[in-house]
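Undergrad:
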Amino acid sequence: MKRRDLLIAPPALAALTFAVGARAQIGGAPVRILVGAPAGGSTDTLARSLAV
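In terms of our numbering, the sequence shown is residues 4 to 55.
1) Report all residues from its chain with a CB closer than 8 Å to the CB of P41; omit the five preceding and five following residues, and keep chain order.
2) Using alpha carbons as the reference points, say which of L9, G43 and V38 lies closest to A54.
3) Output the boundary residues of the alpha helix (DSSP H) element that contains A50.
4) Compute the Euclidean distance between the alpha carbons of A12 and A18, then round it to the nearest angstrom.
5) With DSSP run on the structure shown, which of helix, strand or coil describes I11?
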């Protein structure tokens, strides 16, 4: 292996082990998405399509 791979592998593996323990909390409340753009714009349209 290259030296760069040997330097990158341990932190990457450590990050993966910590990510396994992270879970989303299941809640009963709906999630609100706030978009700071006027209605009908491209940002608003994209946010509405992602919210569905």
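Beta carbons: idealized from backbone N, C-alpha and C, even for Gly.
TA: With the structure as the only source:
1) D47
2) V38
3) S45 to A54
4) 10 Å
5) helix
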